[in-house]
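Mapping of the sequence shown onto this note's numbering: residues 25 to 398, in sequence order. In what follows, a structure is listed as structure tokens, so that the remarks can point back to it.
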Amino acid sequence: MNHDRFRLDLAGLADEVTPVDLRDRALRTSRRLGIQRAVATSAAALVMIAAATGTALAIRPNGQGPAPQPAGPSTSVSPPPVEVTPIPEPSASAEATNSPAKPPSVLAGTRYYLETTSTKARIHAVRGSSDQVVHQLPFATYGCEANTFTVSPDGKRVAWVQDSTDGGTSGVLLAGTIGERGATRLLEDVNCLGPRPLVWKGSDLLMVGRKSGQSVLFDVAANKRVNGDPGQETDRCWSADGRWLAAVSEGKPYVTDETQSRQYTYTPPKDEAAHWDGWQVRSVSLDGRYVSVGWVGTDPSRHDDSFAVVDTTTSKVVDLPVQGEIRSIMFTVDNKVIVKRANGITVLDTNFTSLGPVAETVPVRNMWLLAYAP
25 MNHDRFRLDL
35 AGLADEVTPV
45 DLRDRALRTS
55 RRLGIQRAVA
65 TSAAALVMIA
75 AATGTALAIR
85 PNGQGPAPQP
95 AGPSTSVSPP
105 PVEVTPIPEP
115 SASAEATNSP
125 AKPPSVLAGT
135 RYYLETTSTK
145 ARIHAVRGSS
155 DQVVHQLPFA
165 TYGCEANTFT
175 VSPDGKRVAW
185 VQDSTDGGTS
195 GVLLAGTIGE
205 RGATRLLEDV
215 NCLGPRPLVW
225 KGSDLLMVGR
235 KSGQSVLFDV
245 AANKRVNGDP
255 GQETDRCWSA
265 DGRWLAAVSE
275 GKPYVTDETQ
285 SRQYTYTPPK
295 DEAAHWDGWQ
305 VRSVSLDGRY
315 VSVGWVGTDP
325 SRHDDSFAVV
335 DTTTSKVVDL
345 PVQGEIRSIM
355 FTVDNKVIVK
365 RANGITVLDT
375 NFTSLGPVAE
385 TVPVRNMWLL
395 AYAP
């Protein structure tokens, strides 16, 4: 083989070989590696997101299904940041909003009840779920105490008649402060018979009757009689603030605040009236328009009950939105109407719309409601 022939054979072989672009091969290899890195990185990011959100993701392994075609040159892909939003701690206001609110009581003040046993008379102060005995005295079934215990409209004073020397007909008028021991002697020969022998005019003045039949208005706070003739009215009853008086003059019932006066009429149910000795006002509204009325017994014992409300401007009976037996109706100094029923209390506003019920314990239900102080 000579040198010329050898060169000719090499030239022929060179014509049969396809030239390879090494740069293009390098680029393709780079793209493929970039795609693989991107897929792997994206899968890792999805796994992180799934872990944060609690979602399971199925990642198709390499070699199953068609691989995505590259859309451009290789780029480095970083996983997106995963934001975890913290759950805020509930604030006090949120807790107050979400928790069930306790409705306010329609009688936020104190109710004063009279309990009598065979040996004692007790004054109970009931406020919300609290029930406390704030005053107690020895009790005689047929003595003056049982018939005369009374609490002032503001709940600060208690008064009664005791030390009877004439068989429970009259005695000494005493007064004390609720919750404190001791009492002050105010007046002697005070009558202790009748449906309501002691009647408050406001929270300082007390109307009583002497054994002689004379009416006396006594200032309990100052421990002295009030000057002036209280008049010849009977069946007196004042509003809780002492402004309006309901009474009977010459057989005619009326109300007055000393600047205006009006008469009214009331005819009680005939079937019931046959069992009683008439009726009497037991409570007066602050504007003098309404009175609650109760029966007068055929014996000389006290009666704090009432069963109906009369409009003194129309002489009509008010239809009260309550169910069941009514035991007493009281107009309060804060313009509420307390209707004590056999199984609890219903509170009304000045338009006789129900504000809601008030529960009473079983022992309290059987006591007389004497006063309410806001």
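Even glycine gets a Cβ: it sits at the ideal position worked out from N, Cα and C. Since this is a predicted model, take the numbers as computed values, not measurements.
Local Cβ density within 10 Å of K360, reported as buried at 16 or more and exposed below that: Counting of Cβ neighbours within 10 angstroms places K360 among the buried residues, the total reaching 16 or more.
Sequence ranges, beta strand (DSSP E) only - wholly within the segment 159-206, length at least 3: 181-186, 194-201
First through last residue of the alpha helix (DSSP H) which encompasses V387: Sequence check: residue 387 is Pro here, not Val. Taken as a continuous stretch (DSSP letters only), the alpha helix (DSSP H) holding P387 covers 386-389.
Who are the Cβ neighbours of L51 in its own chain at under 6 Å, not counting the five residues just before and after it? Confidence in L51 is poor, its pLDDT being 41 and thus under 50, which makes the residue's placement too unreliable to answer from.
Which residues in the same chain have their Cβ closer than 7 Å to the Cβ of M391, if we skip the five residues on either side of it in sequence? Excluding positions up to five away in sequence, the list reads Y137, L138, E139, H148.
Restricting to Cα atoms, I'd like to know which of K180, S176, P221, V175 is closest to S196. Here the sequence assigns Val to residue 196, which means Ser is not the residue at that position. The shortest Cα separation from V196 among K180, S176, P221, V175 belongs to P221.
Y288 - partner residues in DSSP beta bridges: In the DSSP output, where bridge partners are listed per residue, Y288 has none listed.
Leaving out the 5 sequence neighbours to the left and right, which residues in its chain are closer than 8 Å to T385 when beta-carbon positions are compared? D155
Can you list, in chain order, the residues of its chain whose CB lies under 7 Å from that of V346, leaving out five sequence neighbours each side? V363, R365, T370
Grab me the residues of V388's own chain with a C-beta within less than 8 Å of its C-beta, minus the 5 sequence neighbours each way, in chain order. Within the same chain, Y137, H148, V150, D155 come within 8 Å of V388 by CB-CB distance, once the 5 residues on both sides are set aside.
Under the rule that 16 or more other beta-carbon atoms within 10 Å means buried, what is V246, buried or exposed? Checking the sequence, you will find Ala at residue 246 rather than Val. The residue in question, A246, is exposed, as its Cβ has fewer than 16 Cβ neighbours within 10 Å.
A170 to K225, Cα distance in whole Å? A170 and K225 have their C-alpha atoms spaced approximately 21 Å apart.
For V130 versus V382, is the C-beta distance shorter than 8 Å? yes
Given T374, which residues of its chain have a CB within under 6 Å of its CB, disregarding the five upstream and five downstream residues? N359
Quickly, what does DSSP pair N251 with across the bridge? List them, please. DSSP, once it has assigned bridges, lists no residue as partnering N251.
Do you know how far the Cα of D323 is from the Cα of H299? The C-alpha of H299 lies about 11 Å from the C-alpha of D323.
Taking contact to mean 3 or more Cβ pairs, one atom from each stretch, closer than 8 Å, check whether the segment 274-285 and the segment 232-247 are in contact. no
The beta strand (DSSP E) enclosing A297, as first and last residue numbers: Here A297 belongs to no beta strand (DSSP E); instead the alpha helix (DSSP H) covers 294-297.
Cβ shell of N122 (< 7 Å), same chain only, five flanking positions each side left out: Note that N122 scores a pLDDT of 46, beneath 50, so its modelled location is shaky; the value from the coordinates is reported in the next line. Correct list: empty, nothing qualifies.
Which one of S176, S239, L217, G206 has the shortest CA to CA distance from G192? When the alpha-carbon of G192 is set against those of S176, S239, L217, G206, the nearest one is in L217.
Helix, strand or coil for C261, going by three-state DSSP, please let me know. The answer is strand: DSSP assigns C261 an E or B state.
By the three-class DSSP mapping on this structure, what secondary structure does V346 have? coil
Quick check on the burial criterion: 16 or more other C-beta atoms within 10 angstroms. Buried or exposed for Q160? By the Cβ-count criterion, Q160 is exposed, with fewer than 16 other Cβ atoms from all chains shown falling within 10 Å of its own Cβ.
Neighbourhood of T79 by C-beta, 6 Å cutoff - its chain only, sequence neighbours within 5 removed: Bear in mind that the predicted position of T79 carries a pLDDT of just 41, short of 50, making it unreliable; the figure below should be weighed with that in mind. For T79, where only same-chain residues beyond five positions count, there are no Cβ hits under 6 Å.
Between which two residues does the beta strand (DSSP E) harbouring P324 extend? Neither: P324 is in no beta strand (DSSP E) and is coded neither H nor E.
For V320, name the three-state secondary structure that DSSP assigns. coil
Alpha-carbon to alpha-carbon, G255 and N215: 17 Å
Between the Cα of F376 and those of T356, D228, S188, spot the shortest distance and give me the residue it belongs to. T356
Which residues does DSSP pair with A395 in a beta bridge? Y136
Start-to-end residues for the beta strand (DSSP E) that takes in K235: No beta strand (DSSP E) contains K235, which DSSP labels as neither H nor E.
Looking at the secondary structure, which residues open and close the beta strand (DSSP E) in which D335 lies? 332-335
What are the partner residues of L211, as DSSP defines its beta bridges? L197
When you compare only the Cα positions, how much space is there between T427 and A207? Because the chain is modelled from 25 through 398, residue 427 falls outside the range shown and cannot be assessed.
Could you tell me which residues DSSP puts in a beta bridge with V399? Examination of residue 399 is not possible in this model, given that the chain is present from 25 through 398 alone.
What is the DSSP secondary structure of G16, counted as helix, strand or coil? This structure does not reach residue 16, given that the chain is present from 25 up to 398, and the question cannot be answered.
Could you please give me the residues that DSSP links to P277 through a beta bridge? V272
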